[in-house]
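Inspection log for the structure reproduced underneath, given as structure tokens.
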């Protein structure tokens, strides 16, 4: 059983994979990713994956048969276990609980080689729809406090399979970064009675030097204090705290369009870089939050320079966000 | 002039290198590190570096001549500029200041190819002594609030030169991670009237499953909630809040011995991995802190898996610290 352990000094939980403990030899001679003659995520190979928990498929087709447009399956090698109780306990001055959680894989497309940047907006909309369905379903499990939805694209960004897929992890704790954003935005709200994200959007629209793309309901921008070169965010222009309750009357159409545009531009300017994206949202258990605003953070993995950043939380970004914006905005796609 | 910009939502400053802005082409075809036929850090090539600000050399030798044991020089490509005023200002709802700071390089040894893990303890003691002298000298500059001392060893860990060197950056702000540790340990102190690091040391000595090495004044351990496989910390066993005022009566001898041992063990077990270390200390301007305890954090760079960690602050560590400890402790060196 993996464990969740809390750093006693700062408020951060870590997953410790006590079971599949990686020995030194693993790091010295890292095994190459399996040359999948047969891709386990391709149609026809459904028997190679755990049984699906959600799919987009014709109404007359049966679960785990090949004619799907999108599938969600439990991760075959989950970071957390779905069965069991949390068993929260103290160990001297430390705090731990069992590593209970859900870890699922969203197979974005049946087409091996298709990526988010070359698929249709409609397909991306399906992916957002799958995120929503799974997040809502997992929220019924009262052990979970938060579901992280994310994508690792490319080996450098941590993807272990080529076939385009996203992931989600449901956790019994709220990740530190999300808690920090919530308390930071709550402080701002206490002072101003306004959502800081809404204020940022207003200022960015006025300044107009860090706006990458806009459609009716969504805006993409390079954050003023970007940690990484070409980091970009996508936010709903109207206030929405929860990802799963979009005001987009056509179910994430504009979010999908904005994500598609940013990824296409990123591919063009940076020659299809590896990247990660994460959906930051209010925790599901919480009601509507007037101070928090869901958004997507996209980080192309361009730099090795994150050396001491890990240890200090201090970032050096070699590309000003205004320059990154100019490149992305002007990219002809 | 580089800029320091503050994330408006969470309390984190970022250095934006507005001058040497890196264009997309840099990331697409990253130039290989210069094949230094002549290493600028080797004795005899002092003319290739800025003039030294500190050195360990015979008393009859003159600055910037070749017969040194250790040199400290300003970084030729500094992340921050030493001249100028901070000019703190608001930009709409954002906060910025000029990127004022010191960025220095400590050339650990005159011997090209020597590393911290194969040099003498006495030489490492000299390096600690240089850190101390430079930190104290830079503390006289009232623009600076904190000096980060760190090392990037190996290309993957961010080193751009082979010749063994450490770095320091003096900043007009305290890095987020340090502030978090200080406020976390202050909370603990308020409740218990004890230093949390002192309590951790006591518990680790009793549990004896995460102690890698101990000498008279220092202890090395794998943190209970390690973020990374084989992460290790070195702490003074007696309470000390500031790195520059060690109670070690032989000037960092035991700290140097502990660092030497941990790095030798790490080399043995993990086949000389790239690594980063950082010195976490109370800010110099602050008086003695009964709740904060300086220490060194060493992170071997073994995993690419830090994909979504950057975005969520949530870490998955594939090697339990107890297992890492066993390997390191038993490594025969």
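Chains as they are written, first to last, in my numbering: chain A, 1003 to 1335; chain B, 1003 to 1335. C-beta: ideal position from N, C-alpha, C; glycine also. Bear in mind the structure is a predicted one, so any value in this text is a computation, not a measurement.
The C-alpha of residue 1223 of chain B lies about 16 Å from the C-alpha of residue 1319 of chain B.
For residue 1057 of chain A, the CB contacts under 6 Å within the same chain, skipping 5 residues up- and downstream, are 1070, 1073 in chain order. Using a Cβ-Cβ cut-off of 7 Å, residue 1120 of chain B does not count as an interface residue toward chain A, since no Cβ of chain A sits closer than that to its own. Within the segment 1267 to 1278 of chain A, 1271, 1272, 1273, 1275, 1278 place their CB atoms closer than 8 Å to a CB of chain B, listed in sequence order.
Sequence-ordered contacts of the segment 1074 to 1108 of chain B with chain A read 1081, 1094, 1095, 1096 [C-beta pairs closer than 7 Å].
Straight-line measurement puts the Cα of residue 1166 of chain A at about 8 Å from the Cα of residue 1118 of chain A. The beta carbons of residue 1174 of chain A and residue 1099 of chain A sit about 6 Å from each other, so the pair counts as a contact at 8 Å. 1228, 1229, 1230, 1231, 1232: these are the residues of the segment 1228 to 1239 of chain A whose beta carbon lies less than 9 Å from some beta carbon of chain B, given in chain order. When Cβ pairs closer than 8 Å are counted between the two stretches, the segment 1151 to 1168 of chain A is seen not to touch the segment 1190 to 1203 of chain A, the count staying below three. Counting C-beta atoms within 10 angstroms of its own C-beta, residue 1065 of chain B has fewer than 16 neighbours from the protein chains shown and is therefore classed as exposed.
For residue 1287 of chain A, no chain B residue has a C-beta closer than 7 Å to its own C-beta; the minimum C-beta separation is roughly 18 Å. Among the bridge pairs identified by DSSP, residue 1007 of chain B is matched with B:1016, B:1098. Beta-bridge annotation (DSSP): residue 1300 of chain A is paired with A:1234, A:1279.
In terms of Cβ geometry, residue 1159 of chain A and residue 1277 of chain A form a close pair [threshold 7 Å]. Rounded to the nearest whole angstrom, the CA to CA distance from residue 1236 of chain A to residue 1189 of chain A is 23 Å. At a cut-off of 7 Å, the C-beta of residue 1150 of chain A has a neighbouring C-beta in chain B. Only residues of its own chain outside the window of five on either side were considered, and among them 1010 have a CB closer than 7 Å to the CB of residue 1095 of chain A, listed in chain order. When DSSP states are grouped into helix, strand and coil, residue 1146 of chain A belongs to the coil group. Bounds of the alpha helix (DSSP H) holding residue 1202 of chain A are 1198 to 1209. For residue 1092 of chain A, the enclosing beta strand (DSSP E) covers residues 1091 to 1093.
In the assembly as shown, residue 1024 of chain A is a buried residue. Its beta-carbon has 16 or more other beta-carbons within 10 Å. Against chain A, the beta carbon of residue 1003 of chain B has no neighbour under 7 Å; the closest one sits roughly 12 Å away. Beta-bridge pairing by DSSP links residue 1076 of chain A to A:1106. For residue 1264 of chain A, not one C-beta of chain B is nearer than 7 Å to its own C-beta. Around the beta carbon of residue 1300 of chain A, 16 or more other beta carbons lie within 10 angstroms, which makes this residue buried. Closest in C-alpha terms to residue 1245 of chain A, from the list A:1284, A:1274, A:1234, comes A:1284.
A distance below 7 Å separates the beta carbons of residue 1317 of chain B and residue 1229 of chain B. If you draw a straight line from the Cα of residue 1044 of chain B to the Cα of residue 1208 of chain B, it comes to about 46 Å. Of the other Cβ atoms in all chains shown, fewer than 16 fall within 10 Å of the Cβ of residue 1049 of chain B; this residue is therefore exposed. DSSP places residue 1221 of chain A within a strand segment (E or B) once states are collapsed to three.
Per DSSP, residue 1063 of chain A lies in no beta strand (DSSP E) segment and is marked neither H nor E. Considering only A:1282, A:1125, A:1263, the residue with the shortest C-alpha distance to residue 1181 of chain A is A:1282.
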